[in-house]
Each structure stands twice: as C-alpha cells, then as structure tokens.
Amino acid sequence: MTKLRLAIVGAGPAGIYAADILLKAERNFEVSIDLFDHLPAPYGLVRYGVAPDHPRIKGIITALRDVLDRGDIRVFGNVRFGVDITMDDLKTHYNAVIFATGAVRDADLRIPGIDLAGSYGAARFVSWFDGHPDYPRTWPLEARQVAVIGNGNVALDVSRMLAKHADDLLPTEIPANVYEGLKASAVTDVHVFGRRGPTSVKFTPLELRELGELPGVDIVLYDEDFDYDDAARDAVASNKQVFVIDKVLNKWRERPAGTASRRLHLHFFAKPVEIVDDGAGRVGAIRYERTRPDGHGGVVGTGEVRDLPMQAVYRAVGYFGSPLPGVPFDKKRGVIPNREGQVLWKGEPGSGSASANQQLYGVYATGWIKRGPVGLIGHTKSDAMETVRHLINDLGNWWHPAEPSEESVLAMLDERGIEYTNLEGWHRLDQQELALGTAEGRVRIKVVPRDEMVEISRGEG
Ligand SMILES: Cc1cc2nc3c(=O)[nH]c(=O)nc-3n(C[C@H](O)[C@H](O)[C@H](O)COP(=O)(O)OP(=O)(O)OC[C@H]3O[C@@H](n4cnc5c(N)ncnc54)[C@H](O)[C@@H]3O)c2cc1C
1 MTKLRLAIVG AGPAGIYAAD ILLKAERNFE VSIDLFDHLP APYGLVRYGV
51 APDHPRIKGI ITALRDVLDR GDIRVFGNVR FGVDITMDDL KTHYNAVIFA
101 TGAVRDADLR IPGIDLAGSY GAARFVSWFD GHPDYPRTWP LEARQVAVIG
151 NGNVALDVSR MLAKHADDLL PTEIPANVYE GLKASAVTDV HVFGRRGPTS
201 VKFTPLELRE LGELPGVDIV LYDEDFDYDD AARDAVASNK QVFVIDKVLN
251 KWRERPAGTA SRRLHLHFFA KPVEIVDDGA GRVGAIRYER TRPDGHGGVV
301 GTGEVRDLPM QAVYRAVGYF GSPLPGVPFD KKRGVIPNRE GQVLWKGEPG
351 SGSASANQQL YGVYATGWIK RGPVGLIGHT KSDAMETVRH LINDLGNWWH
401 PAEPSEESVL AMLDERGIEY TNLEGWHRLD QQELALGTAE GRVRIKVVPR
451 DEMVEISRGE G
C-alpha cells in the first residue's frame, strides 16, 4: 500500500487539525506524520496569543492535546524550519509538506512617530504577557496614560491586560515575571482609538462585555461618538452582533461616573495620524483626526485634529505572516500564495511561465499563513479540511523522497545535534507547569526561558 510520509511545519491549531483530519479521512494509502515546531511546546497562538484570562479558549488546548495523545503523530519541538531543517531536507525525507506557521508579528502602521520610544506593537506585548520564550522577560510599564490603536479583539485583549489590576490575573497561568511587571504598572488611563464608529467595530460582543466587568476599572465613553447616521442605524437594526454591541455601549453610557483608580476610554471616529515626540525621543501624545460617517458605512476626515497626552502607544492593527526560506511568499498579504491550500509559485524568469501561478507540487499551506491573520481558532479547522482534501487528491504529484523511513529523520536531527523535544517531553513540561502552579495555589505557572523548557522536556532539568 502507498504510504504518505507527511511533514507539517507548525504545531498550532491549524497544523494539529490538519494532521487529525488527514488521519481520519477516507483514503487508500497509509499515513505517517511528523509535526515540527520551533517552540519547545505545541499549540501556537492558543498558548502564546490567546489572553491568559480567557481560560475557556485556552481550554481548546485540551482538545488539541487529545489529538496528539492518540499517539499517531510524531511531534518534534524546538526545530525551526529554515534553520534546523530546510526544504531540501523535507524533500529528502517526505512525500509532502503542509506549512501551518501562522503569523506572529505586527502589521505595519505608517504614521509619523511610530518608531518613538514607548511605541509598541501589540504582538510583542501579547508575547510578553503570554510568556513566549523568545521575548524579553521585562516590559516597560511606567506610562500612566496609554493609547491602544485598533478596534478588534486583540486591541481589547491588550487594553484589558493593561487596565486590569495584576491581582485579578493571579488565578490565570501568567508567569511570575508578568505578574510582577503588571503589579508595578503606573497606568491610570487606557485610551482605545478606532477611526470608525461604534457600529463598525470588529470586537465580538462577548469580549466587549468583559471590559465593563473589570474590577476597579471604569469605562469612559464620549457622547459625541454616538450621533449615528442612517447607515449606522441600519447596521444596528439589521445585524445582531452590531445590535448587541450598541446595546452594551449604551448601557455603559447610562452608568454614573465612577471613582475607580483606573479608566478605560473608548474613542470612536478618532483616527490616529501621528505619535507626538515629547522632545526627548519618547511618546508624548497621540494626535488624532476626528472623522465622521460618510453616509455609506465608512468615514471621512473632518480636518479637526486633537492631541491627547500619552506616554505609551500600542498598535493593534493586525498580525502579519513571515516568509520561510525556499517557500513562495506574498509580501503584500503576508501569506504563502496558494489556491485552496495548494501552494502556488511563479515560474523562474525565462522558463516561459513567469506570469502564471503554478502549483508547487508537494507543498501545501493551512491556517493563518494560508489565509491571513483573521478568524478564530475554529476557522483553522475548515482551512485544514480544504487543504487536506487537495493533498489526498494530489497523490500522483507527491514528491519521491530518497530516504522516506521514519528513522532517517531522527538520524538527521541527531547528526545535526538538534535538541528536539517530543510529545513525552511536552507532558513533562506540562506536569512541571502544573506543579509550579499547585505550589503557589494557582492552576499553572508557565515556564518561560527556552533553555529551561528544553531541559525539562528532555528530562535533563
Ligand atoms: C492576541 C490574540 C488573541 C487571540 N484570541 C483568540 C480567541 O480568544 N479565540 C479564538 O478563537 N482565536 C483567537 N485568536 C486567533 C487564533 O489564535 C488563531 O486563529 C490561530 O492560532 C491560528 O492558528 P495557526 O495554527 O494558523 O497559527 P499559530 O497558532 O500561530 O501556530 C503557528 C505555529 O507555527 C510555528 N512556527 C512558525 N514558524 C515556524 C518555523 N519557521 N519553524 C517551525 N515552526 C514554526 C509557531 O511556533 C506556532 O506554534 C487570537 C489571536 C491572537 C493573536
């Protein structure tokens, strides 16, 4: 019987769902899957993106873990594609590869002052508070007034984590350094800026509602932002999500002015146009232009520019994928170019096919690196189904590896001295984190330094 030796690069939800779907799919060939991740622990942004105070979503890890625990997928952590293994290696050992490498960095926001000290990308802050091993252990939280640019759920996560009192995060899995950092935070006011109106936000109602329930944090809204036009009123009447968001916001407007030590301000129709230097190369203020509805659901600038003093600015304007060596990349969209998960490439110049997008046989993509960094974890499942369907149908076009045995991959990694971790290692690390939590009366405390994660996983710690 034909056997598919498949490499999947990226052990986030997209990679794990792809493996699971393939193993359960109707097919007339055997399957053997190796799942690689450059982190020593699996689960991608579920572990290192989803906010620690969202235990229900973090709980998706249990379902992903169940898939891995079945034991029919080999896991190789601490192995970076492009450094430890290359495309040529994959072609030597596998019939095909699925890239599920997600997106980890911030999309650009090109406004003057964006590079000033005190101006940060949300993705870096998220990586810090979620204990990502490749980010600094400390985070500067001296600012009293902080701006967050963006009107999506990541902007809400960042604002909530900045505004929330550190002790209210103790029941979560936040690492000790993050608790200490947040505990020392000087923040009093977090200002969230969206260039469109309240009926055009990308927040989900559940996440928005949560803001209004933070202990010791008042929500501040501005009446001038609630002068709806017909398009906004139509949106409230016709879209259930918008209806709920509008209701939540208006309920908050009715609350009496609070006396909490921290405030979370939501500014709508406010388009940041510049981050103003304080004269010493640091963030001093945010400059924004008031916008107004254009009558068609969009906004136009009014020309009225305002400044609000700030000492830090976070941009939460989206994530962006990173190129992988030897793999086609769409620089504009930050994705691997593909047709329903089949990776496409433009033929070499001079080959007569330079203008056509052709299928790059044996190479597939799924998840955020396939479709761009939008959508929830559940969406990566439908992504994976589509990609796996093509992989199965392309049987005749797979690679013909010179060394297809499972042992040959272990030999290659060992020969290179790569300190890879495996599923057993993840269990060890998981147990250690749970034990650290129990000792402090908490559910879990994450181990952050990469070398410690690797040592524990490999049973060397
Ligand atoms: C801040 C934030 C909060 C979110 N909150 C929610 C939420 O509450 N609910 C929800 O449903 N969704 C949420 N999401 C979205 C969710 O995280 C994504 O939909 C999902 O994680 C995308 O899955 P993925 O597998 O494509 O990518 P990822 O989860 O990013 O996984 C990619 C994996 O590839 C690995 N990798 C990358 N490059 C390499 C390489 N060169 N070699 C080897 N491995 C590599 C990475 O280490 C990572 O493990 C949130 C996202 C963010 C950013």
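Oh and the sequence shown: position 413 is 413 in the UniProt record's numbering, straight run, nothing missing. We put the CB at the ideal spot given by N, CA and C, even for glycine. Keep in mind it's a predicted model, so treat the numbers as computed, not measured.
Contact set for residue i: own chain, Cβ-Cβ below 6 Å, skip 5 residues either direction
i, result
"residue 377", "13 and 60"
"residue 11", "35, 37 and 42"
"residue 128", "135 and 139"
"residue 302", "290 and 292"
"residue 73", "19, 33 and 35"
"residue 132", "48"
beta-carbon residue i near ligand 1 non-hydrogen atom, thresh 7 Å
i, result
"residue 36", "yes"
"residue 57", "yes"
"residue 368", "yes"
"residue 101", "yes"
"residue 217", "no"
"residue 126", "yes"
"residue 167", "no"
"residue 448", "no"
"residue 54", "yes"
"residue 65", "no"
"residue 68", "no"
"residue 154", "yes"
"residue 319", "yes"
"residue 208", "no"
"residue 380", "yes"
"residue 377", "yes"
"residue 13", "yes"
For residue i: DSSP bridge partner residues
i, result
"residue 6", "33 and 96"
"residue 267", "193"
"residue 309", "285"
"residue 338", "343"
"residue 365", "99"
"residue 301", "291"
"residue 217", "262"
"residue 147", "191 and 313"
"residue 276", "285"
Cβ neighbours of residue i in the same chain (closer than 8 Å, five flanking residues each side left out)
i, result
"residue 204", "153 and 241"
"residue 331", "323"
"residue 245", "198, 199, 201, 203, 205 and 208"
Residue of the options minimising C-alpha distance to residue i
i, options, result
"residue 323", "45, 63, 84 and 99", "99"
"residue 285", "362, 330 and 190", "190"
"residue 111", "313, 386, 176 and 274", "274"
"residue 227", "458, 269 and 184", "269"
"residue 252", "283, 213 and 261", "213"
"residue 391", "96, 47 and 333", "96"
"residue 437", "170, 109 and 88", "170"
"residue 17", "441, 432, 440 and 389", "389"
"residue 408", "246, 108 and 94", "94"
"residue 339", "386, 309 and 84", "386"
"residue 121", "277, 64, 150 and 288", "150"
"residue 312", "115, 84, 460 and 167", "115"
"residue 103", "425, 374 and 80", "374"
"residue 334", "287, 255, 259 and 106", "106"
"residue 55", "91, 363, 442 and 159", "442"
"residue 183", "426, 53 and 164", "164"
"residue 320", "414, 76, 109 and 25", "109"
"residue 417", "62, 75 and 84", "84"
"residue 259", "234, 218, 287 and 282", "218"
"residue 29", "75, 424, 402 and 2", "2"
"residue 314", "52, 125 and 69", "125"
Cβ neighbours of residue i in the same chain (closer than 7 Å, five flanking residues each side left out)
i, result
"residue 411", "none"
"residue 31", "4, 6, 22 and 23"
"residue 231", "293, 295, 296 and 297"
"residue 456", "428, 429, 432 and 447"
"residue 90", "7 and 97"
Practice task
Assess, as a yes-or-no matter, whether the segment 365 to 373 is touched by the segment 395 to 413 under the definition of 3 or more beta carbon pairs within less than 8 Å.
Solution key: no
Exercise for the section: Examine the Cβ distances between the segment 169 to 187 and the segment 437 to 447 and report whether three or more of them are shorter than 8 Å. Expected result: yes
Practice task
State whether the segment 179 to 195 contacts the segment 252 to 266, with contact taken as three or more CB pairs (one from each stretch) at a distance under 8 Å.
Solution key: yes
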